[in-house]
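In our numbering, the protein residues as written are 37 to 265.
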């Protein structure tokens, strides 16, 4: 964990260079651990994703809890039930909008589950002082303190000097050659420009498996009490 106070900086207008492309989908269910199978199907249609450094594929998520149901872990082998409102999101450079249309109208199976892709709309990234990624490639590092240092170093390469960060427990993401070790990461006290830069660039490897994709999140103050120090 990293926690220190930060001096506010200046905000300003940020370019819409990277966006989330929100695709309508028709799919009843998916395995919780579906990132690799989804990547393979989408890359088969959009092969340029592999060479696009800012491209990422969000894993598909239903509600984390509803009517007492809690989303199972990746390792559980369970299925998640999807609603008509569930969307597939690809994070892409804005100039790829026409290339992304090739995905519309396609139908394929993801781990035995049929998915049909509908139309899409681009959505601008929103600056948020708190960002969260469900999975960041841990590069086989199991020690949380060492992992935290790696995240800090990756952020500093983007010109972001973090002051507040929490890392979650280790979990695995299956892929064609085995399993990727990953952790969730929560960043707080970010300036607008820092927030957008992190969302546009992502952190770590395997963005096409849903890793290192940051989303706006509720305030970190709800989970950390500074008065304890």
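Even glycine gets a Cβ: it sits at the ideal position worked out from N, Cα and C.
Pairwise C-alpha distance: residue j and residue i
i           : j           : result
residue 129 : residue 229 : 17 Å
residue 103 : residue 193 : Confidence in residue 103 is poor, its pLDDT being 38 and thus under 50, which makes the residue's placement unreliable; the coordinate value appears in the next sentence. Taking the straight line joining both Cα atoms gives about 43 Å.
residue 118 : residue 71  : 15 Å
residue 227 : residue 164 : 8 Å
residue 63  : residue 89  : 28 Å
residue 134 : residue 83  : 14 Å
residue 75  : residue 197 : 32 Å
residue 218 : residue 127 : 20 Å
residue 242 : residue 85  : 12 Å
residue 105 : residue 98  : Its pLDDT being 38, under 50, residue 105 is placed unreliably in this model, and the coordinates cannot settle the point.
residue 176 : residue 244 : 18 Å
residue 114 : residue 73  : 15 Å
residue 147 : residue 206 : 24 Å
residue 252 : residue 145 : 30 Å
residue 186 : residue 136 : 32 Å
Residues that residue i bridges to, as DSSP identifies them
i           : result
residue 127 : 56 and 92
residue 159 : 56
residue 150 : 145
residue 61  : 153
First and last residue of the uninterrupted alpha helix (DSSP H) at residue i
i           : result
residue 231 : 228-237
residue 133 : 133-136
Element boundaries [beta strand (DSSP E), containing residue i]
i           : result
residue 77  : First-last for residue 77: 71-81, but that is the alpha helix (DSSP H), not the beta strand (DSSP E).
residue 218 : 214-224
residue 205 : 200-211
residue 144 : 143-146
residue 116 : 115-117
Closest by C-alpha distance to residue i, when choosing among the options
i           : options               : result
residue 91  : 200, 240, 66 and 253  : 240
residue 153 : 55, 138, 94 and 242   : 138
residue 151 : 53, 66, 238 and 253   : 66
residue 237 : 215, 206 and 190      : 190
residue 61  : 223, 52, 156 and 218  : 156
residue 80  : 242, 231, 98 and 143  : 143
residue 168 : 184, 235 and 124      : 235
residue 54  : 254, 232, 176 and 248 : 232
residue 95  : 123, 87 and 114       : 123
residue 121 : 162, 59, 225 and 208  : 59
residue 172 : 208, 116 and 131      : 208
residue 158 : 224, 125, 246 and 116 : 125
residue 166 : 68, 221, 131 and 188  : 221
Taking the runs of the beta strand (DSSP E) that are 3 residues or longer, which of them lie wholly in the stretch 166-192?
For secondary structure counted as the beta strand (DSSP E) over 3 or more consecutive residues, the stretch 166-192 holds these complete runs in sequence order: 167-173.
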